[in-house]
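Visitor: Got a structure for you, written out below as structure tokens; questions coming shortly.
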Amino acid sequence: MPSYECEGRTYDVDEDGFLQDPGLWNEDVAKDFRGTEGITELTPDHWKVIHYIRDYYLQFGIAPMVRKVCKQTGFSLKEIYQLFPSGPAKGACKLAGLPKPTGCV
Amino acid sequence: MPEATPKPEELVQINYDPHEKDWRKTRPEFRKGTFCHAALPKDVKYLGLPNPRDWQPPDVDWKLPPNWKEIILQGMKERLEKFRSFRLFMDICVRCGACADKCQFFLGSGDPKNMPVLRAELIRSVYRRYFTTTGKLFRGLAGARDLTEDVIKEWFYYFYQCSECRRCSVFCPFGIDTAEITMMVRELLNLVGVNTNWVIGPVANCYRVGNHLGIQPHGFKDSIDFAVDDLEEITGVRVEAPINRKGAEVLFIVPSADYFATPHYYTLLGYLMLFHEIGLDYTFSAYAAEGGNFGLFSSHELAKRLNAKMYAEAKRLKVKWILGGECGHMWRVVNQYMDTMNGPADFLEVPVSPFTGTRFENTRSTKMVHICEFTSDLIYHNKLRLNPSRNDHWKVTFHDSCNPARGMGLLEEPRYILRKVCNHFHEMPENTIREQTFCCGSGAGLGSDENIEARLRGGLPRANAVKYVRDKHGVNLLTCICAIDKATLPTLLEYWTPGVDVGGIHELLGNALIMKGEKERTTDLRGQPLQQKSEAVHA
């Protein structure tokens, strides 16, 4: 099983670098993983998206619809891609400690 | 796009020279970007499949069971007896080569083992060795070869670079369905625990909660409710979207990406608008919340298990017939396998459109109508009011999704709708559309991020045809009727043919549909401002 190390902390991750156990997430995870997504600093805008996705996940067991993320956070899809270059379902989900969505996505 | 992905100008340098060595002596190189990750042990276990373990394709030791060879040969024997088509396809190829340059993976990679004839030879040679007298006696001279672990690795590499699209079959003078050969090999690989995460993950999700994404019923409802609210803001009309409603006339099934991903979501809005406007008595189901069938990419058994829930739910909800959304592989399963897998669906009625009286005789066996059949019939009978100028900001082309096109012959209906809902529709060159359509390069479970180079290569012929209409007619929207298309074509086009978006037929229908009581539309379903106002109404 692959692992990811950052500043002395080691995380079990899947082949795509997503946290193996979503239950282990906290804000340090987002900070530690940001480098893997090419993000230099987590701004309040990043946190808004991360917290929204994380809270939704805790309630529904899945990431919110992409359109819903945009509408609820007030960012356009383009802006979300500027914040998270690999997109809402990948980069943003990874930093929020969610599993990677699979299927026709 | 992963950083290590080669640039288009590098990737397009394709070497078509054959290997100097005998094809039996070359080995696949598991290079990053050209294969999918292995299935997770937890998902393999969940589905009760053999040999769950941690492994990855680049590993030297794949941790096959000790008797793997016996398992594969026994599996082949059983399948040769069970599926007459399999034995026929093993026997009748004369290696004429008509298929060789028809595969987009060969065209995009230049790898001779991606020629359908040679891909099939990877298993035919084993078939000859163990199941034919000449092969047993004359071995290599009769085109036979021993089954080794290297052969298993080669099967995995190349049969997961086939998207089961069946373009090659169109050109085969014997009608060999190469997709079925791929399916057989993937089944055999499954028997020894060689399968991919991008296939087995969604299948396990679907088996557990009813859809590939693993969206639970309350999440499903939340997404549909959100779409209803969103639509009210756009149109001023409040639609209903019932879920699990017993006694509805029609059960409506969509691929789960329609209520999760973008641009799929805009097509979902189009469906909801249409059903409201005509007053269709329908229901969604939170159990049959997936049209797609990733089981098909692994084995008949898994395809059957996933297909069964659609019909089980139709029975439970006591509907009369099933309507299916813009989904690709669902239709291959429904049209070509459902009847013998889980059919006949004799508890349902032959579908009749309640608005036009059209009896869909072609669905007599499956009781399942494609949304494009349903909608084109409505338009043909003047049941919808449409304003195509609301799509004037789009210059549209249509990508025939492989399975609706080649798996069910759905060629005219999407085009009929498009011509009524938009004013600028341009076809790609004729050898790239209809039954000759090129695959998106990501079908049959190949659409994962880690497989990106293989996808970009496999998608090159399609992207090239899009480039042609982009440059000639200014096309800026590629429409399609498959969720894998909608998920993977945006990446493909951004790479090869920037400036072309991807959307669904029912997204454009939703833009054009004039609803009773609607407010003045200022944007399309994506929130983009409409180009110009027009009073032109085509009843």
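Chains as they are written, first to last, in the numbering used here: chain R, 22 to 126; chain W, 2 to 540.
Ideal Cβ placement from N, Cα and C applies to all residues, glycine included.
(1) Of all Cβ atoms in chain R, is any one closer than 9 Å to the Cβ of residue 206(W)?
(2) In this structure, does DSSP put residue 369(W) in helix, strand or coil?
(3) Below 8 Å, can you find three or more Cβ-Cβ pairs linking the region 198-212 of chain W to the region 36-47 of chain W?
(4) Check residue 33(R) in the structure and name its three-state DSSP category.
(5) Reducing DSSP to helix, strand and coil, say where residue 530(W) ends up.
(6) Near residue 31(R), which residues of its chain fall below 6 Å by C-beta distance, leaving aside the five closest residues on each side in sequence?
(7) Under the three-state reduction of DSSP, which class applies to residue 170(W): helix, strand or coil?
(8) Would you mind reading off the limits of the alpha helix (DSSP H) that contains residue 89(W)?
(9) Kindly indicate if chain W contains any beta-carbon less than 9 Å away from that of residue 50(R).
(10) Per DSSP, which residues does residue 268(W) bridge with? Please list them.
(11) In three-state DSSP terms, what is residue 307(W)?
(12) Under 9 Å Cβ-Cβ, which residues of chain R neighbour residue 217(W)?
(13) Can you grab the Cα-Cα spacing for the pair residue 537(W) / residue 512(W), in whole Å?
(14) May I ask whether a heavy atom of the ligand GTP can be found less than 8 Å away from the beta carbon of residue 302(W)?
(15) According to DSSP, simplified to helix, strand and coil, what is residue 471(W)?
(16) Nearest-angstrom Cα distance between residue 208(W) and residue 484(W)?
(17) Taking its Cβ as the centre, do 16 or more other Cβ atoms sit within 10 Å of residue 430(W), making it buried, or is it exposed?
(18) Quick one: any contact between the region 288-302 of chain W and the region 343-356 of chain W, if contact means 3 or more CB pairs under 8 Å?
(19) Would the region 38-52 of chain R and the region 112-125 of chain R be scored as touching if the rule is three or more Cβ pairs under 8 Å?
(20) Alpha carbons only, please: which of 68(W), 75(W), 102(W), 144(W) is nearest the one belonging to residue 92(W)?
(21) Would the beta-carbon of residue 1(W) fall within 9 Å of that of residue 114(R)?
(22) Within 10 Å of its beta-carbon, does residue 109(W) have 16 or more other beta-carbons around it, so buried, or fewer, so exposed?
(23) Report the residue from 148(W), 149(W), 130(W) whose alpha carbon sits nearest the alpha carbon of residue 140(W).
(24) Just list the alpha helix (DSSP H) runs in the region 194-277 of chain W, keeping only unbroken ones of 4 residues or longer that don't cross its boundaries, in chain order.
(25) When Cβ atoms are compared, which residues of the region 252-263 of chain W fall closer than 7 Å to chain R?
(26) So is residue 77(W) buried or exposed if we call it buried at 16+ other beta carbons inside 10 Å?
(27) Taking only runs of the alpha helix (DSSP H) that begin and end inside the region 88-119 of chain R, which ones reach a length of at least 4 residues, in chain order?
(28) What would DSSP say about residue 503(W), mapped onto helix, strand or coil?
(29) What residues are listed by DSSP as bridge partners for residue 289(W)?
(30) Verify the CB distance criterion: does residue 408(W) have a CB-CB separation below 9 Å to chain R?
Guide: Reading off the structure:
(1) Here the question's residue 206(W) lines up with position 205 in the second sequence. Interface flag for residue 206(W) against chain R is set, since a Cβ pair is found closer than 9 Å.
(2) As a first step, residue 369(W) must be located in the second sequence, where it is residue number 368. Of the three classes helix, strand and coil, the one that applies to residue 369(W) here is strand, per DSSP.
(3) A contact is defined here as three or more CB-CB pairs under 8 Å, and the region 198-212 of chain W meets this definition with respect to the region 36-47 of chain W.
(4) Here the question's residue 33(R) lines up with position 12 in the first sequence. Correct three-state label for residue 33(R): strand.
(5) Here residue 530(W) corresponds to residue number 529 of the second sequence, with the count starting at 1. For residue 530(W), the secondary structure class from DSSP, reduced to helix, strand or coil, is strand.
(6) Within the first sequence, residue 31(R) is the residue found at index 10, counting from 1. The residues are 24.
(7) The residue given as residue 170(W) occupies position 169 in the second sequence. Taken through DSSP and simplified to helix, strand or coil, residue 170(W) comes out as helix.
(8) The count along the second sequence starts at 1 and reaches residue 89(W) at position 88. Secondary structure note for residue 89(W): its alpha helix (DSSP H) is the uninterrupted segment 85-93.
(9) By one-based count along the first sequence, residue 50(R) stands at place 29. Look at residue 50(R): its C-beta is not under 9 Å from any C-beta on chain W.
(10) Residue numbering aside, residue 268(W) sits at position 267 when the second sequence is read from its first letter. In the DSSP output, where bridge partners are listed per residue, residue 268(W) has none listed.
(11) Locating residue 307(W) in the second sequence gives position 306, counting from the first residue. DSSP places residue 307(W) in helix when its eight states are reduced to three.
(12) Your numbering for residue 217(W) matches position 216 in the second sequence. Near residue 217(W) (Cβ distances below 9 Å), the residues of chain R are 81, 82, 83.
(13) Position 536 of the second sequence, counting from 1, holds the residue named residue 537(W). Position 511 of the second sequence, counting from 1, holds the residue named residue 512(W). Because residue 537(W) sits at a pLDDT of 48, beneath the cut-off of 50, its placement in the model cannot be relied upon, and the point is left open.
(14) The ligand GTP is not part of the structure shown, which contains no ligands of any sort.
(15) The residue you call residue 471(W) lines up with position 470 of the second sequence. Three-state result, residue 471(W): helix.
(16) As a first step, residue 208(W) is located in the second sequence; it is residue number 207 there, counting from the start. As a first step, residue 484(W) is located in the second sequence; it is residue number 483 there, counting from the start. Between residue 208(W) and residue 484(W), the C-alpha separation is close to 19 Å.
(17) For the purposes of this step, residue 430(W) is taken as residue 429 along the second sequence, with counting starting at 1. So residue 430(W) counts as exposed.
(18) Contact between the region 288-302 of chain W and the region 343-356 of chain W is absent, because fewer than three Cβ pairs lie under 8 Å.
(19) Yes, they touch.
(20) The count along the second sequence starts at 1 and reaches residue 92(W) at position 91. For residue 92(W), the nearest C-alpha among the options comes from 144(W).
(21) Outside the shown range of chain W (2 to 540) lies residue 1(W), about which nothing can therefore be said.
(22) Taking the second sequence and counting its residues from 1, the one referred to as residue 109(W) is at position 108. A buried status is given to residue 109(W), since no fewer than 16 other beta-carbon atoms sit within 10 Å of its beta-carbon.
(23) By one-based count along the second sequence, residue 140(W) stands at place 139. The shortest Cα separation from residue 140(W) among 148(W), 149(W), 130(W) belongs to 130(W).
(24) Uninterrupted alpha helix (DSSP H) stretches at least 4 residues long and entirely within the region 194-277 of chain W occur at 198-210, 218-236, given in chain order.
(25) So the close ones are 256, 257, 258, 260, 261, 262, 263.
(26) Stepping through the second sequence from its first residue, residue 77(W) is reached at position 76. Buried, by the Cβ-count rule.
(27) The qualifying runs are 98-104.
(28) On the second sequence, position 502 is the one that residue 503(W) refers to. Here residue 503(W) sits in strand by DSSP.
(29) Counted from its first residue, the second sequence places residue 289(W) at position 288. Per DSSP, none; premise fails for residue 289(W).
(30) Walking along the second sequence from the start, residue 408(W) turns up at place 407. Chain R, which has no Cβ nearer than 9 Å to the Cβ of residue 408(W), makes this no.
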